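Chains G and C, in that order, are what the protein sequence lines are.
The working numbering numbers the first residue of the first sequence as 1 and each following residue consecutively.
The working numbering numbers the first residue of the second sequence as 192 and each following residue consecutively.
Here the structure is laid out as structure tokens; the discussion comes afterwards.
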Amino acid sequence: MCTMMFLVDRLSDNELLERAPRDPEAFAVFYDRHAGTLIGLLRYRTGSTELALDLAGEVFAIALERAESFRAIHEDSARAWLYGIARNKLADLYRTGKAEDRARRRLGMQPIVLTDKALDALEQRLEAEQSGVLAALELLPAHERQALSARVLDEEPYEQIAARFEVSESVIRQRVSRGLRRLRTLIKETP
Amino acid sequence: MTDDPIQMLRDELIAAAHRNADTAPAQTRRWRATLKRPAIIGLAAIAAAAPAAAALTDSFPFDHGTTRDGSTYTITKAVAATPNGSADCTQTEIHNPDGTLQSRAIGCRAQGTAPSAAPVEAGFTFARDQSIVVSGTVIANTSRVTVTGVDKPITLGPATDGRRAFSVVVSAPGATITAFDDAGNVLGKITLPA
Numbered sequence: 001m002c003t004m005m006f007l008v009d010r011l012s013d014n015e016l017l018e019r020a021p022r023d024p025e026a027f028a029v030f031y032d033r034h035a036g037t038l039i040g041l042l043r044y045r046t047g048s049t050e051l052a053l054d055l056a057g058e059v060f061a062i063a064l065e066r067a068e069s070f071r072a073i074h075e076d077s078a079r080a081w082l083y084g085i086a087r088n089k090l091a092d093l094y095r096t097g098k099a100e101d102r103a104r105r106r107l108g109m110q111p112i113v114l115t116d117k118a119l120d121a122l123e124q125r126l127e128a129e130q131s132g133v134l135a136a137l138e139l140l141p142a143h144e145r146q147a148l149s150a151r152v153l154d155e156e157p158y159e160q161i162a163a164r165f166e167v168s169e170s171v172i173r174q175r176v177s178r179g180l181r182r183l184r185t186l187i188k189e190t191p
Numbered sequence: 192m193t194d195d196p197i198q199m200l201r202d203e204l205i206a207a208a209h210r211n212a213d214t215a216p217a218q219t220r221r222w223r224a225t226l227k228r229p230a231i232i233g234l235a236a237i238a239a240a241a242p243a244a245a246a247l248t249d250s251f252p253f254d255h256g257t258t259r260d261g262s263t264y265t266i267t268k269a270v271a272a273t274p275n276g277s278a279d280c281t282q283t284e285i286h287n288p289d290g291t292l293q294s295r296a297i298g299c300r301a302q303g304t305a306p307s308a309a310p311v312e313a314g315f316t317f318a319r320d321q322s323i324v325v326s327g328t329v330i331a332n333t334s335r336v337t338v339t340g341v342d343k344p345i346t347l348g349p350a351t352d353g354r355r356a357f358s359v360v361v362s363a364p365g366a367t368i369t370a371f372d373d374a375g376n377v378l379g380k381i382t383l384p385a
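Below you can see the structure in the form of structure tokens.
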């Protein structure tokens, strides 16, 4: 039967996260949109696919636990919120030398056991996606590519990027948001 | 069983999300009890018989874009009047590439009446075939839900696990969904706009 659920995958990230505490399907769509990129980024930061997956599990578990308190402030809030959690977990990792699993344990999640074959497949996939993303990034308009690179890859604060390009912070937020949307479309169109 | 680690993680997270959603109402009740708020949550209520344009006020655009098939979507946040104040609503409209309306959906969540403590959500979708799909979730302490004003009125039983999801297709506007608590109090109701 056709229900409101058919609309879920068309909702914005903010909408999905706000619905997540009561709507697992919304959280699933949110995960599908961000898991690949987030794991890729964590792998880039840690140099380990296994660790990246471990960290991503904790990041999404925290996002699920805290989604009730999430409040959208701007169009890009949900993504920024998720990556903020990821940055904190990375900082914890650098400080303690291990990836936390407290949120996953609180949620009763089972550890993901990786076989060598699964790990190889994941590494190949991430590498392919990474090269696809980099190729797609080159197709973006220059101002969006620069804003996106500065914000997502280099994790510069919006304020700092805005000052560097001599535009307002909201303009940079728009460029990042539009760039991400365009990037997503380009990646989807790639066979 | 999948051998894809991203899918495996997804499966674990979604299972946790289901468990989380199942326990959320109890947490909400505890939280509300702590705050000692007098009247609590009821159903998203759009005033009975009021047309959508009149029921939804203070609307502002929230998100819009184009889907891969060329359809455009517009998400609007709005406020609906309720007996106890206001409800936060989200309206989603999808238009075909030629500009004709493909579907419209509204979902609301609102304050309700004491003594019940049940957040209730309801939504309705105008589907492609012009039938109307009513769906929603009645959370916590809901004894029964009725859908009236339709060809075949229905009554759904108690929400034994604290949640009762429902979905029913009706052929015309005017259906009213009413949720009751254990004591027979009306938690709230929502009426489809004509």
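For each residue, glycine too, the CB sits at the ideal point set by N, CA and C.
Just so you know, these numbers come straight off a predicted model, no measurement behind them.
Open item on the list: Strictly under 7 Å for the Cβ-Cβ distance: is D202/C near chain G by that measure?
Closed with: no
Task: Buried or exposed by the 16-neighbour rule on C-beta atoms within 10 Å, applied to I73/G - done: exposed
TODO: Check whether the Cβ of H209/C lies closer than 7 Å to any Cβ atom in chain G.
DONE: yes
Task: Cutoff 7 Å: P288/C Cβ touching any chain G Cβ - done: no
Task: Contact residues within the stretch 52-73 of chain G, judged by C-beta distance below 8 Å to chain C - done: L53, A56, G57, F60, A61, L64, E65 and E68
- [ ] Determine, using beta carbons only, whether R221/C comes closer than 7 Å to chain G.
- [x] Note that R221/C scores a pLDDT of 34, beneath 50, so its modelled location is shaky and nothing firm can be said.
Open item on the list: Would E58/G and E18/G be called neighbours here (beta carbons separated by less than 7 Å)?
Closed with: no
Open item on the list: Quick check: the Cα distance between E123/G and L292/C, rounded to an integer number of angstroms?
Closed with: Put simply, the backbone Cα of E123/G is about 44 Å away from that of L292/C.
Open item on the list: Suppose you measure from the CA of I266/C to the CA of E284/C; what does that come to, to the nearest Å?
Closed with: 7 Å
Task: For I85/G and A56/G, believed in contact at Cβ under 8 Å, the rounded distance - done: Not really, about 10 Å apart at Cβ, beyond 8 Å.
- [ ] State yes or no: is the C-beta of G179/G within less than 7 Å of the C-beta of E138/G?
- [x] no
- [ ] Would you identify the three-state DSSP class for R102/G, choosing helix, strand or coil?
- [x] helix
Open item on the list: Quick check on L11/G: does DSSP put it in helix, strand or coil?
Closed with: If DSSP states are grouped into helix, strand and coil, L11/G belongs with coil.
Task: Residues that DSSP places opposite L292/C in a beta bridge - done: H286/C
Open item on the list: Does I266/C come out as helix, strand or coil in the three-state DSSP assignment?
Closed with: strand
- [ ] Give, in chain order, every residue of the stretch 25-42 of chain G whose Cβ lies closer than 8 Å to some Cβ of chain C.
- [x] Here the close residues are F27, A28, Y31, D32, A35, G36 and I39.
Open item on the list: Would you call the stretch 205-213 of chain C in contact with the stretch 16-33 of chain G, where contact means no fewer than 3 C-beta pairs closer than 8 Å?
Closed with: yes
Open item on the list: Using 7 Å as the threshold, is the C-beta distance between A61/G and L107/G below it?
Closed with: yes
Open item on the list: Any beta carbon from chain C within less than 7 Å of Q160/G's own beta carbon?
Closed with: No - not a single Cβ of chain C is within 7 Å of the one on Q160/G.
Task: Proximity test, Cβ basis, 7 Å: I112/G and chain C - done: yes
- [ ] At 8 Å on the CB atoms, spell out the chain C contacts of S48/G, in chain order.
- [x] Per Cβ cutoff of 8 Å: no residues; S48/G is ~13 Å from chain C at best.
Open item on the list: Less than 7 Å between the beta carbons of F30/G and A208/C, yes or no?
Closed with: no
TODO: May I ask you to report which of helix, strand or coil DSSP gives T115/G?
DONE: DSSP places T115/G in coil when its eight states are reduced to three.
- [ ] Measure from the alpha carbon of T49/G to the alpha carbon of each residue in A118/G, L140/G and V171/G, then state which is nearest.
- [x] A118/G
- [ ] Within the same chain, show all residues whose beta-carbon is closer than 7 Å to that of I43/G, passing over the 5 residues directly before and after it, in chain order.
- [x] Reading off the sequence shown, one finds Arg at residue 43/G, where the question assumed Ile. Only residues of its own chain outside the window of five on either side were considered, and among them T49, A52 and L126 have a CB closer than 7 Å to the CB of R43/G, listed in chain order.
TODO: Using the Cα positions of V8/G and H255/C, report the straight-line distance between them to the nearest angstrom.
DONE: For the pair V8/G and H255/C, the Cα-to-Cα distance works out to about 14 Å.
TODO: Starting from A67/G, trace the alpha helix (DSSP H) both ways and give me its first and last residue.
DONE: Here A67/G belongs to no alpha helix (DSSP H), and DSSP marks it neither H nor E.
TODO: My understanding is that I112/G touches L200/C, with C-beta atoms under 8 Å, so please give their C-beta distance in whole angstroms.
DONE: Their Cβ separation, rounded to whole angstroms, is 6 Å, which keeps I112/G and L200/C in contact under 8 Å.
Open item on the list: Strictly below 9 Å CB to CB, what residues from chain C border L122/G?
Closed with: D195, P196 and I197
Open item on the list: Can you tell me whether G97/G is buried or exposed? The criterion is at least 16 other CB atoms within 10 Å of its CB, across all chains shown.
Closed with: exposed
Task: Coil, strand or helix - G84/G by DSSP - done: helix
- [ ] Output yes or no for whether 7 Å exceeds the beta carbon distance between A142/G and L186/G.
- [x] no
- [ ] Round the Cβ separation of I388/C and A35/G to the nearest angstrom and send it over; I've been treating them as touching at under 8 Å.
- [x] Limits of chain C in this structure are 192 at one end and 385 at the other, which puts residue 388/C out of reach.
Open item on the list: Helix, strand or coil for G108/G? Go by DSSP, reduced to three states.
Closed with: coil
- [ ] Check the Cβ-Cβ distances between L107/G and every residue of chain C, and say whether any is below 7 Å.
- [x] yes
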